[in-house]
Structure formats: structure tokens, C-alpha cells
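Peer 1: Here it is, the structure in full.
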Amino acid sequence: MKSLLFILSMLLLLAPGQEEARYVRARERMVQTQIVARGISDPATLRAMGRLPRHLFVPAPYSAEAYSDRPLPIGYSQTISQPFIVAYMTELSRPAKGKKALEIGTGSGYQAAVLAEIVDTVYTIEIVPELARESETRLRMLGYRNVMTRSGDGYKGWPERAPFDIIIVTAAADHIPEPLKEQLAEGGRLIMPVGNPATVQQLIVLTKRKGKITAQQLEAVRFVPLRRLK
Ligand code: SAH
3 MKSLLFILSM LLLLAPGQEE ARYVRARERM VQTQIVARGI SDPATLRAMG
53 RLPRHLFVPA PYSAEAYSDR PLPIGYSQTI SQPFIVAYMT ELSRPAKGKK
103 ALEIGTGSGY QAAVLAEIVD TVYTIEIVPE LARESETRLR MLGYRNVMTR
153 SGDGYKGWPE RAPFDIIIVT AAADHIPEPL KEQLAEGGRL IMPVGNPATV
203 QQLIVLTKRK GKITAQQLEA VRFVPLRRLK
């Protein structure tokens, strides 16, 4: 009886550890098969995504699918992007220590956390107040002191904290908001899906050099629409 109790208690002690180990393996597989295999090579991006517990950024019923190759629902008709897209946008933004980033569309807070693993400070804005609150709590619990969250319309950016070396917009519109272009620092990079918000968009990279903005058009992508507060 005693040994049975001992075995039971050991199992209980081991269970969370084993679950954790499963997530670690799933995460390593995600980085290798979905991200490295598709050409992402920035060491900082790979390190950040290899470390971040993505399963804590999705609603509990989806934990087991957190490392799969697709976007997942996070409530309020919104989604956490497919891991590859997060990696791709992060690498395109050329994240590095010493930089300051702005994200529009906090959602689950995952993209903000990936950036926060690499850059100095991340400012992130979410239009759905409930999601803004949830992601703020999540990021605080995970110890991200360098992420500043705000609930509101990200179209206007965060002028009090501008300029930003990196601006990542994770919702789609038919144009790049003028205030975001203005808030881009010299040498900065803005990444955003631009096109038909209801169907398909192109990923655009804007760079600002000597005050002049140039645009580069990349892959076709699908994001949820950038909404506007009336
Ligand atoms: N980056 C998120 C996923 C983004 S989904 C993540 O890592 O989980 C897009 C998010 O943009 C949604 O949460 C949506 O509510 C938000 N959004 C849409 N329009 C917005 C706007 N004008 N300002 C700020 N957030 C917006």
C-alpha cells in the first residue's frame, strides 16, 4: 500500500514535468520543421521562438495544438498567427538589442513577447479591450517588464513614444496608416499586410533612409482586418 502511494505521488509529481517536456519537444520540432526548413535563419528570432511557451498564449482547449503549423482562434473572432508568419515578420524587422518596437494588434501577446526577447522595449496596442487586458496579464505573469500595452486604435500609433526602429502591424488594411510612417525612426523598418482586408494581402516592408521611405513587396498573406474605432 505504502509503495503504491509512493508510486502515485511520484506520478503526480512527474506529470507536469512530462507535459512540459512534451511542449519542449513540440516547440523544437516547430522551430526545425516549420521555421528553419522554410528559410528563417536569424539566430535571435530562432532562439526567441525556441524559448517561448506558445502553449500559454492560446486558450486552454488549443494548448495541445499550440505548436502546429496554423493560426489558432484566441476569441473575439481573432487569431494568433501561424508560427512561421511570426518568425518571418520578426526576421524581416531585423530585431536587435538596443532597438525599440511598436506592434499594432497585440492579440494573445505572442508576437510582442517574441520581440521582447530580443529588443529593448516593445509597445503594443490592441483594439479589443478584453484581449488587451488578457494579454497584459499574461505578459506580466511571464515576466515581460519591457512590454508596454495599451488598449485602443493602433491606426494612430503611439506618438508619445515615437520614433520606433521597428513597427509590426499584425492586422490587414488597404493602405499603410500615415501616422505609422511618420513614427518610423531613421533606418527603421515597418512590416504590414496590405491589400484587400477581406481576402488576401501582400506583406510589405517599408524602410526609412534619410527621411525617404521605400517599399518592398513580399509574399501573399492572410490577416484579420485592421479595425477602426468609430
Ligand atoms: N499579434 C497577435 C495576433 C494578431 S491578430 C498575436 O501574436 O497573437 C490581430 C489583432 O489585431 C487582433 O487581436 C485585433 O483585435 C487587433 N486589431 C485590429 N484592428 C486593430 C487596431 N486598429 N488597433 C489595434 N489592434 C487592432
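Heads up: the sequence shown is residues 3 to 232, going by this note's numbering.
By construction, the Cβ of each residue, glycine as well, lies at the ideal position given by its N, Cα and C atoms.
Using a Cβ-Cβ cut-off of 7 Å (strictly less than) and excluding sequence neighbours within five positions of residue 2, which residues of its own chain qualify?
Peer 2: This structure leaves residue 2 out entirely; the chain is present only between 3 and 232.
Peer 1: In the DSSP assignment, find the unbroken beta strand (DSSP E) run with residue 158 in it and report its ends.
Peer 2: No beta strand (DSSP E) holds residue 158; DSSP gives it neither H nor E.
Peer 1: Look at the alpha carbon of residue 62 and the alpha carbon of residue 141, and state the distance between them as a whole number of angstroms.
Peer 2: 16 Å
Peer 1: Is it buried or exposed for residue 203, if we count other Cβ within 10 angstroms and need 16 for buried?
Peer 2: With 16 or more Cβ atoms within 10 Å of its Cβ, residue 203 is classed as buried.
Peer 1: For residue 2, is the classification buried or exposed, using 16 other Cβ atoms within 10 angstroms of its Cβ as the cut-off for buried?
Peer 2: Coverage of the chain is limited to positions 3 through 232, which leaves residue 2 absent and any answer about it impossible.
Peer 1: Could you tell me whether the Cβ atoms of residue 149 and residue 50 are closer together than 7 Å?
Peer 2: no
Peer 1: Use the C-beta contact count for residue 57: other C-beta atoms within 10 angstroms, 16 or more gives buried, fewer gives exposed.
Peer 2: Burial call: buried.
Peer 1: Tell me where the alpha helix (DSSP H) around residue 142 begins and ends.
Peer 2: 131-143
Peer 1: Kindly confirm or deny that the segment 116-127 and the segment 185-198 touch, where touching means at least three C-beta pairs closer than 8 Å.
Peer 2: no
Peer 1: Does the beta carbon of residue 106 fall short of 6 Å from some heavy atom of ligand 3?
Peer 2: Ligand 3 is not part of this structure, which contains only ligand 1.
Peer 1: Less than 8 Å between the CB atoms is what I'm expecting for residue 168 and residue 103, so what's the real figure, rounded?
Peer 2: 4 Å
Peer 1: May I ask you to list the residues that DSSP assigns as paired with residue 88?
Peer 2: Answer is none; residue 88 lacks a bridge partner.
Peer 1: Per DSSP, which one or two residues make a beta bridge with residue 194?
Peer 2: 206
Peer 1: So, with DSSP's three-state summary, where would you put residue 38?
Peer 2: helix
Peer 1: Residue 112: beta carbon under 6 Å from a heavy atom of ligand 1?
Peer 2: yes
Peer 1: Identify which residue in 213, 53, 197 has its Cα closest to the Cα of residue 190.
Peer 2: Among 213, 53, 197, the Cα nearest to that of residue 190 is on 213.
Peer 1: By DSSP, does residue 219 sit in helix, in strand, or in coil?
Peer 2: strand
Peer 1: Could you pull the start and end residues of the beta strand (DSSP E) that residue 124 belongs to?
Peer 2: Residues 123-128.
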